[in-house]
Amino acid sequence: MKPLMVLGCTSDAGKSLLATALCRWFVRQGVDVAPFKAQNMSNNARVVAGGEIGVAQWLQAKAARVEPDVRMNPVLLKPEADTHSQVVVRGVVDRELTNMAWTDRHDALWVPMAESFDDLASEHELIVIEGAGSPAEINLRDQVNNRMIDHADASGLLVSDIDRGGSFAHLFGTWSLVPDSTRARLDGFVLNRFRGDSRLLAPGPERLTEMTSMAFAGVLPMLRHDLPDEEGASVSARAPHGSPRVVLPRFPYGSNLDEFQLLGHAADVRWSSDPRRFSGLDPDRDAIILPGSKHVVADLEWMRSRGIDQAILAAARHGVRVIGVCGGAMMLGARIADPDGIEGPAGSVVHGLGLMEHSTVFGSTKRTESVQVEAFGSTYQGYEIRFGELTDDVRFGVDGNVTVTTVHGLFEHPGFIESLLGVRVEPVLEPTLELLADAVEEHLDTTLLRTLVDRRVC
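What follows is the structure, given as structure tokens:
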């Protein structure tokens, strides 16, 4: 079968959502499908066979009912500053590429991109490829969209977020600016996040098809779904009125934040940079969570610059539960040492909040592994992604109203949330994947989809 690539007119147009939906829809048609994205940029990552990948491809693998592995996202960029990212290649940090100028990386990164795609394509009937950003960024050397669609000889679906306005201009402008080889493969377009009566769109889609030859693949409505935000600090607000309150600092370099999606069904979850949000919490039912961080020291200093550290300490003294996850657990300890200069000057030492006695030492080797952990009398599956090692080897620890864990993923278990907050919730991932596939069936031209993976529309 011919690969199918989902490209976007802009970032956040809906590429990840549509690719996820297509993976589950094709599986329901009996197709052996796997996801692929040549390069992703996100601090939300998952541990898989071989290392770590962006959470979007992990979710797409779940949708495709295949085991996720590093070939599905061979290059992952994890921002550490406005102009600097850690480079993860085939699941493992590459320090040489991380320190290399961006414009000098292209050739070195293309090899794992192309090889990973070719490996996956040899093992599965269909590869659903997700693009990155826009293929019409004419100031950039684009390997993730234009070079990859050419290498894969994929059919292309171009998606636009119509809720932003200007979709027809976005679609036509993108089609006009991409290289000829990409334009020849843009076989269809999708209007995403539409509110209202889709009949009002006529004759826009028909005119765009006449102007570009791209077939109209359909309109996806604004879906109320439970896929986590791939990038930012947000969760779906699903908890009933009067639920416990949970407040999390909105770290500039927060990581693995997608793991709190289910928590939004149990609690009123608030992300905040205002210290006042961390006061007035009920010790018997509310909680503060310090999430993971890609740059622990920088995020700790960010809290101190805003007085959030003092607000958290005051809340803890009043008995409010404080939970630290991975980087957050490191912040709650006594000190953070960085002898090798992983996050700052070599040999630097920073004081933590001191709510637990452990210290953290950053090492040069990054830990990425799936683990099981005992918590509240039960065993849970999770994963660890970190450089820092806690001196007391704390994987899960409780001291009064303070809890720390180096393990991500615990908040995805209904039993863990119930033990912590006393609220029962149901899993949401599988129902969400089925909802997305239902939306494809109902709102997109499924005959066209089948045609695109058999042969390109002429």
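Those letters in the sequence shown? Residues 1 to 458, by this note's numbering. Idealized CB from N, CA, C, for every residue including glycine. Computed from a prediction, not measured in an experiment: that's the story for all the values here.
Starting from residue i and walking both ways along the beta strand (DSSP E), at which residues does that stretch end?
i, result
"Leu-433", "Not the beta strand (DSSP E): Leu-433 falls in the alpha helix (DSSP H), residues 429-443."
"Met-5", "4-8"
"Val-402", "402-405"
"Ser-181", "Per DSSP, Ser-181 belongs to no beta strand (DSSP E); it is in the alpha helix (DSSP H), 180-183."
"Ile-336", "335-338"
"Leu-77", "75-81"
"Glu-130", "126-130"
"Arg-193", "186-194"
Between which two residues does the alpha helix (DSSP H) carrying residue i extend?
i, result
"Thr-209", "204-212"
"Phe-117", "106-123"
"Gly-324", "Premise fails: Gly-324 lies in the beta strand (DSSP E), 321-325, not in any alpha helix (DSSP H)."
"Leu-177", "167-177"
"Arg-450", "446-454"
"Val-55", "55-64"
"Gln-86", "Careful: Gln-86 lies outside any alpha helix (DSSP H), inside the beta strand (DSSP E) at 84-89."
"Arg-317", "308-317"
Just to confirm before moving on: does the CB-CB distance between residue i and residue j stay below 8 Å?
i, j, result
"Arg-395", "Thr-405", "yes"
"His-413", "Tyr-380", "yes"
"Leu-220", "Phe-189", "no"
"Ala-217", "Leu-444", "yes"
"Gly-388", "Val-296", "yes"
"Leu-227", "Thr-20", "yes"
"Pro-74", "Pro-35", "no"
"His-106", "Arg-65", "no"
"Leu-390", "His-358", "yes"
"Phe-172", "Met-222", "no"
"Gly-131", "Val-6", "yes"
"Pro-3", "Leu-126", "yes"
"Arg-71", "Asp-12", "no"
"Asp-284", "Ser-243", "no"
"Pro-291", "Gly-254", "yes"
"Asn-44", "Asn-256", "yes"
"Lys-472", "Ala-49", "The chain is shown from 1 up to 458; residue 472 falls before or after that span and cannot be answered."
"Gly-352", "Gly-333", "yes"
"Lys-294", "Pro-79", "yes"
"Met-214", "Trp-271", "no"
"Ser-273", "Arg-224", "no"
"Leu-262", "Val-440", "no"
Kindly give me the distance between the Cβ atoms of residue i and residue j, rounded to whole angstroms, as I take these residues to be in contact under 8 Å.
i, j, result
"Val-371", "Glu-384", "6 Å"
"Asp-150", "Ser-181", "5 Å"
"Arg-185", "Ser-155", "6 Å"
"Val-159", "Gln-39", "With a Cβ gap of about 18 Å, Val-159 and Gln-39 do not count as contacting."
"Asp-286", "Arg-245", "4 Å"
"Ala-121", "Val-178", "With 8 Å as the limit, Ala-121 and Val-178 do not qualify as a contact, their Cβ atoms being about 22 Å apart."
For the structure I just gave you, are there three or more beta carbon pairs, one from the segment 320-332 and one from the segment 288-303, closer than 8 Å?
yes
Any contact of the segment 16-34 with the segment 233-245, i.e. 3+ C-beta pairs under 8 Å?
no
At 3 residues or longer, and completely inside the segment 340-379: list those beta strand (DSSP E) runs for me, N to C.
348-351 and 359-375
Using 8 Å as the cut-off, can you tell me whether the segment 273-283 makes contact with the segment 350-364, which would need three or more C-beta pairs spanning the two stretches below that distance?
no
Only counting runs of 4 or more residues, tell me where the alpha helix (DSSP H) segments fall wholly within the segment 250-304, in order along the chain.
none
Hey, which unbroken runs of the alpha helix (DSSP H) at 4 residues or more fall wholly within the segment 15-40?
15-28
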